[in-house]
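Working notes for the structure below.
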Amino acid sequence: MNQTIATAVEEGNLYEIEDLVNGALAKGEAPKELLEAMMAGLKACGDRFEKGEYFLPELMGAGDAFKAGMGVLAPKLRAGDQVSQGKVVLGTVHGDVHDIGKNLVGFMLSSAGFTVVDIGVDVSTEGFVRAVQEHEPQVLGMSALLTTTMLGMEGVIAALKKEGLRDRVKVIIGGGPVSKKYAEDIGADAYGNDAAQAVNLVKGLL
Ligand code: B12
């Protein structure tokens, strides 16, 4: 793994990350491995936050550095042009502003040929319902990174039922605190552990 890039993300080195990623690409390092290094950096930052060594500004710095690195990597990771395989609406649930994982899921899905409608972060229950009504996706994906906000997913599923939309859309969920069991408990159709798995999940549901 490219430890320099992992450390640059972990330490929120926003000013050097692009040059580091460009330099590694120029040396022939694989984009997928550089993405893994950046993800390891985020994880390390989260671990230090958990231990009380890092605080909110460091989390924000790591998130920003990840996004800047992704700006360089994304075009290299993207597959060739494909015909749309179906439509997926993606959002992060109410009260939650974490979007790096959701964006990665969206990126992988669009690279695999799906049309992705990203409705952003801190999306209310009504916001999810409206998006399903408006965009008529085959799949709705919800992301949550906080144990508190993941509870909102159940409300969205209940609201979809209430509006008579539940049978028209498959619901997949993901994010750090979410699990397969939680997906089963709240009546989601599937749980995805990572962005690559999300592609297989969606393919399997259509
Ligand atoms: C960066 C970060 C932030 C940034 C977010 C920037 C951004 N634009 O996203 C900022 C600084 C804003 C932030 C804020 C907070 N954070 Co924060 N954050 C993180 C951190 C370090 C990384 C998250 C991340 O991007 N991971 C990398 C991505 C790629 O992984 P991922 O999100 O898990 O996504 C993957 C899978 O889960 C899956 N997936 C995700 N979504 C979906 C959806 C579907 C449909 C599918 C199929 C799959 C899928 O695929 C993704 C790609 O492989 C984590 C630590 C960690 N280890 O995760 C803490 C972490 C999530 N944060 C935490 C906390 C506590 C907070 C704050 C409450 C801190 C505070 N005191 O204010 C606030 C809450 C703000 C809010 N209301 O949302 C805790 C959560 C604890 C908990 N279990 O509830 C963590 C775990 C840190 C820790 N170890 O304590 N944070």
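Residues 296 to 501 in my numbering are what the sequence shown spells out, letter by letter.
Even for Gly, the Cβ is constructed at its ideal location relative to N, Cα and C.
Where does residue i sit, in a helix, a strand or coil, going by DSSP?
i    : result
S406 : helix
D376 : Confidence at D376 is low in this model, with a pLDDT of 49, below 50, so the placement of that residue should be treated as unreliable; the coordinate-derived value is given next. In the structure shown, D376 sits in coil (DSSP, three-state: anything other than H, G, I, E or B).
G381 : coil
I467 : strand
G482 : coil
D342 : helix
V412 : strand
T443 : coil
G347 : coil
Looking at the ligand B12, does it come within less than 7 Å of residue i, judged from the CB to the closest heavy atom?
i    : result
E345 : yes
D484 : no
M365 : no
P472 : yes
G396 : yes
G390 : yes
K327 : no
G413 : Sequence check: residue 413 is Asp here, not Gly. Answer for D413: no, Cβ out of range of the ligand B12.
H430 : no
K371 : no
Would you call the CB atoms of residue i and residue j closer than 8 Å?
i    : j    : result
S405 : V411 : yes
I414 : G390 : no
T444 : V497 : no
L500 : V427 : no
A335 : A301 : yes
A453 : G469 : no
L440 : G396 : yes
Y486 : V466 : no
With respect to the alpha helix (DSSP H) encompassing residue i, which residues constitute its N-terminal and C-terminal limits?
i    : result
G323 : Counting along the chain, G323 falls outside any alpha helix (DSSP H), and DSSP gives it neither H nor E.
A439 : From DSSP, A439 is part of no alpha helix (DSSP H); its letter is neither H nor E.
G499 : A490 to L500
E305 : Q298 to E305
V424 : T420 to H430
Shortest alpha-carbon distance to residue i belongs to which of the options?
i    : options                   : result
D417 : M403, M448 and F350       : M448
V392 : S379, M355 and Q433       : M355
A363 : L315, F344, V427 and V383 : L315
P432 : S379, F402 and L330       : S379
A357 : L372, P326 and I312       : I312
P370 : D394, G381, D342 and L399 : L399
N308 : N317, E353 and V473       : E353
E305 : L372, Y349, L320 and P326 : Y349
L320 : K338, M365, G347 and Y310 : M365
A491 : K475, V464 and F402       : F402
How is the beta strand (DSSP E) around residue i delimited, first residue to last?
i    : result
L460 : That residue, L460, is in no beta strand (DSSP E); it is neither H nor E in DSSP.
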